[in-house]
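Student: I have a structure here, written as structure tokens, and I will follow up with some questions on it.
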Amino acid sequence: MISDINRITVFEHEKIFVHSGANRLPKNVHLQLEKYYGSYSPFFSLIRDGVQFNEYVGVLQVGKYSIEVLPKADKDGEEEWRAILIGMIQTIWGFEVKQSGSSTLSVRKNSILDLYFELFVNELERLLQKGLIKKYVHTEGNIRALKGQIHFAKNISHNLSHQERFYTKHTHYSNDHLILKILYKGLKLISKLNSNVALQSRIGSLFLNFPELDDIKVTEITFERIRFDRKNADYKTAVKIAQLLLLNWHPDISKGRNDVIALMFNMNVLWEQFVFITLKRRLKNCSVSAQKSRKFWKPSDGYYSKMQADIIIKNKVTEEVAILDTKWKNLGDFNPSPNDLRQMYVYHRYYNGSKTGLIYPGHSTTIKSGNYVSSQEEDLMSEKNCSLIFIEPIQKVTDWQNKIHSTVDAFLNCP
Numbered sequence: 006m007i008s009d010i011n012r013i014t015v016f017e018h019e020k021i022f023v024h025s026g027a028n029r030l031p032k033n034v035h036l037q038l039e040k041y042y043g044s045y046s047p048f049f050s051l052i053r054d055g056v057q058f059n060e061y062v063g064v065l066q067v068g069k070y071s072i073e074v075l076p077k078a079d080k081d082g083e084e085e086w087r088a089i090l091i092g093m094i095q096t097i098w099g100f101e102v103k104q105s106g107s108s109t110l111s112v113r114k115n116s117i118l119d120l121y122f123e124l125f126v127n128e129l130e131r132l133l134q135k136g137l138i139k140k141y142v143h144t145e146g147n148i149r150a151l152k153g154q155i156h157f158a159k160n161i162s163h164n165l166s167h168q169e170r171f172y173t174k175h176t177h178y179s180n181d182h183l184i185l186k187i188l189y190k191g192l193k194l195i196s197k198l199n200s201n202v203a204l205q206s207r208i209g210s211l212f213l214n215f216p217e218l219d220d221i222k223v224t225e226i227t228f229e230r231i232r233f234d235r236k237n238a239d240y241k242t243a244v245k246i247a248q249l250l251l252l253n254w255h256p257d258i259s260k261g262r263n264d265v266i267a268l269m270f271n272m273n274v275l276w277e278q279f280v281f282i283t284l285k286r287r288l289k290n291c292s293v294s295a296q297k298s299r300k301f302w303k304p305s306d307g308y309y310s311k312m313q314a315d316i317i318i319k320n321k322v323t324e325e326v327a328i329l330d331t332k333w334k335n336l337g338d339f340n341p342s343p344n345d346l347r348q349m350y351v352y353h354r355y356y357n358g359s360k361t362g363l364i365y366p367g368h369s370t371t372i373k374s375g376n377y378v379s380s381q382e383e384d385l386m387s388e389k390n391c392s393l394i395f396i397e398p399i400q401k402v403t404d405w406q407n408k409i410h411s412t413v414d415a416f417l418n419c420p
């Protein structure tokens, strides 16, 4: 396991330096991050003798060093924010942790990357216990025993002087298919990156029981080719984790000792998706949609400009519409930015909304109502509403989701 001396924990937007500060950045890690950064990286910015992290959270592992970037809206506490982050990611990705019987999944101190590895190992152990799926594979080739259908043209060209061979097209039932190749490649990757001693023996046991398959090159397109059905639906979680790991691994091709794996998430997007999924599952009397765009403006010669709200909620009975935008920031006692308020004002008209709301994390859970000033008279208030909805983060993610649901439900039912 990565020792505490090789682990650095910071919060989003925090700076760390090579020569100063409580969290010292090792010089070789700094150099590798410079190399990884190249001309640009959304995860952090290079500063003099250090780096400053942006709005991305997650984990960067550089060789034997791990840099954990946690979200932070208001409260202190590494363990609390680590649990919150893991809970949000699991909710959005749809990870349902199924126990294999031989181990339990635990969120240990400083273990975001370890958790991904352990979750992947748990899934593979469970799948092996059930028996790996096989598929019919169509192959052709020159073989010594007649099997399947003879390919006459190729049989003549290949075997004119080899009468003991047959060029055939045949089908066999095999583990040699895309899903298992992806999982096997993921298993090889975590074996290479894992430094958790407790997991190493379990990874070794998986290799003994997993069929050895050919290596494949994976890209986004590889995963788009997969179609889940009744027979392989049980593999969805394992494939999702493999996708996350494989597409975010950046090998050090020069020396091979400082590979970088970056499991980083834009906190603004994470917050928006988390709130949307929470409301989608819990608001039973409403339809909840996300990122619904509408045409907004068009030049005399050119394309339309569009606007796009985060969350649209429509009451199935009254057909009233509410528009929500999520903002991952500590607003404190300040007003929202004029741009945010203008944006919500426009949503009232273009989405025919009865009310709008800006959702923030806060030190307490409360709804602060607000109305726009009348366009006809500055001293009068219009009926157009934009409320500020503050929701206190809770370490147990299901409790936090219940709080989000009840708070937004109260906002929707307010006159």
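Just so we're aligned: 334 in the numbering used here is position 329 of the sequence shown, and the numbers increase by one with no gaps anywhere. The C-beta atom is built at its ideal place from N, Cα and C for all residues, glycine as well. In this text, all values refer to a predicted model and were calculated from it rather than measured experimentally.
Count the C-beta pairs between the stretch 266-282 and the stretch 63-76 that are closer than 8 angstroms, then say yes if the count reaches three, no if not.
Tutor: Touching, per the Cβ criterion.
Student: Can you grab the Cα-Cα spacing for the pair M312 / V34, in whole Å?
Tutor: Along the sequence shown, one-based indexing puts residue 312 at 307. Along the sequence shown, one-based indexing puts residue 34 at 29. Near 42 angstroms, if we compare the C-alpha coordinates of V34 and M312.
Student: So what does S292 bridge to, in DSSP terms?
Tutor: Walking along the sequence shown from the start, residue 292 turns up at place 287. According to DSSP, which records beta bridges pairwise, S292 is partnered with K319.
Student: Output needed for S108: all residues of its chain with C-beta closer than 6 angstroms, excluding positions within five of it in sequence on either side, in chain order.
Tutor: Along the sequence shown, read from residue 1 onward, the residue named residue 108 stands at position 103. Reliability of the predicted coordinates at S108 is poor, the pLDDT of 34 falling under 50, and no value is obtained from them.
Student: Which residues in the same chain have their Cβ closer than 8 angstroms to the Cβ of G261, if we skip the five residues on either side of it in sequence?
Tutor: Position 256 of the sequence shown holds residue 261. At G261, the pLDDT of 47 sits below 50, so the modelled position is not reliable; the number obtained from the coordinates is stated separately. Around G261: no qualifying Cβ.
Student: Would you check if the stretch 330-343 and the stretch 284-295 touch, i.e. whether three or more CB-CB distances between them fall below 8 angstroms?
Tutor: The stretch 284-295, when compared against the stretch 330-343, does not touch it at the 8 angstroms Cβ threshold.
Student: Measure the Cβ-Cβ separation of I117 and V402 and say whether it is below 8 angstroms.
Tutor: In the sequence shown, counting from the first residue as 1, residue 117 sits at position 112. In the sequence shown, counting from the first residue as 1, residue 402 sits at position 397. No, these two residues do not count as a Cβ contact at 8 angstroms.
Student: Here's the rule: buried if 16 or more other CB atoms are within 10 angstroms of the residue's CB, otherwise exposed. What is T14?
Tutor: In the sequence shown, counting from the first residue as 1, residue 14 sits at position 9. So T14 ends up on the buried side.
Student: Just checking my contact of V322 with S359 at CB under 8 angstroms: how many whole Å lie between their CB atoms?
Tutor: Translated into positions along the sequence shown, residue 322 becomes position 317. Translated into positions along the sequence shown, residue 359 becomes position 354. Not confirmed; about 13 angstroms, so no contact.
Student: Report the start-end ranges of each alpha helix (DSSP H) in the stretch 332-366 that is 4 residues or longer and not cut off at the edges.
Tutor: List check, alpha helix (DSSP H) in window: 343-355.
Student: List the endpoints of the continuous alpha helix (DSSP H) containing S411.
Tutor: Stepping through the sequence shown from its first residue, residue 411 is reached at position 406. Start and end: 402-418.
Student: CB-CB under 7 angstroms to N237, same chain, minus the five flanking residues each way: which ones, in chain order?
Tutor: In the sequence shown, the residue the question calls residue 237 occupies position 232. Closer than 7 angstroms at the Cβ level, and outside the excluded window around N237, lie I138, I184.
Student: Quick check on DSSP: helix, strand or coil for I246?
Tutor: Numbered from 1 along the sequence shown, position 241 holds the residue referred to as residue 246. Here I246 sits in helix by DSSP.
Student: Using 8 angstroms for Cβ pairs, my map puts Q57 next to F49. What's the rounded Cβ distance?
Tutor: Against the sequence shown, residue 57 aligns to sequence position 52. Against the sequence shown, residue 49 aligns to sequence position 44. About 6 angstroms separates the two Cβ atoms, so the contact holds.
Student: Taking three-plus beta-carbon pairs below 8 angstroms as touching, is the stretch 385-394 in contact with the stretch 362-372?
Tutor: A contact exists between the stretch 385-394 and the stretch 362-372.
Student: What separation, rounded to the nearest whole angstrom, lies between the Cα atoms of E388 and N376?
Tutor: Translated into the one-based positions of the sequence shown, residue 388 becomes position 383. Translated into the one-based positions of the sequence shown, residue 376 becomes position 371. Approximately 7 angstroms, taken between the alpha carbons.
Student: With a threshold of 16 other CB atoms inside 10 Å of the CB of L188, please say whether the residue is buried or exposed.
Tutor: In the sequence shown, counting from the first residue as 1, residue 188 sits at position 183. The residue is buried, with at least 16 neighbouring Cβ atoms inside 10 Å.
Student: Look up H18 in the DSSP assignment and say whether it is helix, strand or coil.
Tutor: Reading the sequence shown from its first residue, position 13 is the one you call residue 18. In this structure, H18 counts as coil in the three-state DSSP scheme.
Student: Assuming I246 and F125 are in contact, meaning their beta carbons sit under 8 angstroms apart, how far apart are those beta carbons, in whole angstroms?
Tutor: As a first step, residue 246 must be located in the sequence shown, where it is residue number 241. As a first step, residue 125 must be located in the sequence shown, where it is residue number 120. 5 angstroms between Cβ atoms; contact.
Student: Which two residues bound the contiguous alpha helix (DSSP H) that contains K135?
Tutor: Taking the first residue of the sequence shown as position 1, residue 135 is located at position 130. 117-135 is the span of the alpha helix (DSSP H), which, as asked, contains K135.
Student: Going by DSSP in three states, H24 sits in which element: helix, strand or coil?
Tutor: Mapped onto the sequence shown, residue 24 falls at position 19. DSSP places H24 in coil when its eight states are reduced to three.
Student: CA-CA distance, T227 and D119?
Tutor: If you number the sequence shown from 1, residue 227 lands on position 222. If you number the sequence shown from 1, residue 119 lands on position 114. C-alpha separation (whole angstroms): 25 angstroms.
Student: Taking C-alpha atoms, which residue in Y41, Y61, L36 lies nearest to R53?
Tutor: As a working note, residue 53 is residue 48 in the sequence shown. Closest option to R53, Cα to Cα, is L36.
Student: Is the beta carbon of Y355 sitting closer than 8 angstroms to the one on R299?
Tutor: Here residue 355 refers to the residue found at position 350 when the sequence shown is read from its first residue. Here residue 299 refers to the residue found at position 294 when the sequence shown is read from its first residue. Going by C-beta atoms, Y355 is nearer than 8 angstroms to R299.
Student: Taking C-alpha atoms, which residue in L211, R12, G136, K32 lies nearest to S71?
Tutor: Indexing the sequence shown from 1 puts residue 71 at position 66. The shortest C-alpha separation from S71 is found at R12.
Student: Given N253, which residues of its chain have a CB within under 7 angstroms of its CB, disregarding the five upstream and five downstream residues?
Tutor: If you number the sequence shown from 1, residue 253 lands on position 248. Taken in chain order, the residues that qualify are I266, A267, L268.
Student: Measuring CB to CB, does I21 end up less than 8 angstroms from G55?
Tutor: Taking the sequence shown and counting its residues from 1, one reaches residue 21 at position 16. Taking the sequence shown and counting its residues from 1, one reaches residue 55 at position 50. Yes.
Student: Ends of the alpha helix (DSSP H) at G191?
Tutor: Within the sequence shown, numbered from 1, the residue matching residue 191 stands at position 186. G191 -> alpha helix (DSSP H) spans 183-198.
Student: Cutting at 7 angstroms between CB atoms, please list the residues of its own chain near S294, excluding the five before and the five after it.
Tutor: Sequence index remark: in the sequence shown, residue 294 carries index 289 (1-based). Closer than 7 angstroms at the Cβ level, and outside the excluded window around S294, lie I317.
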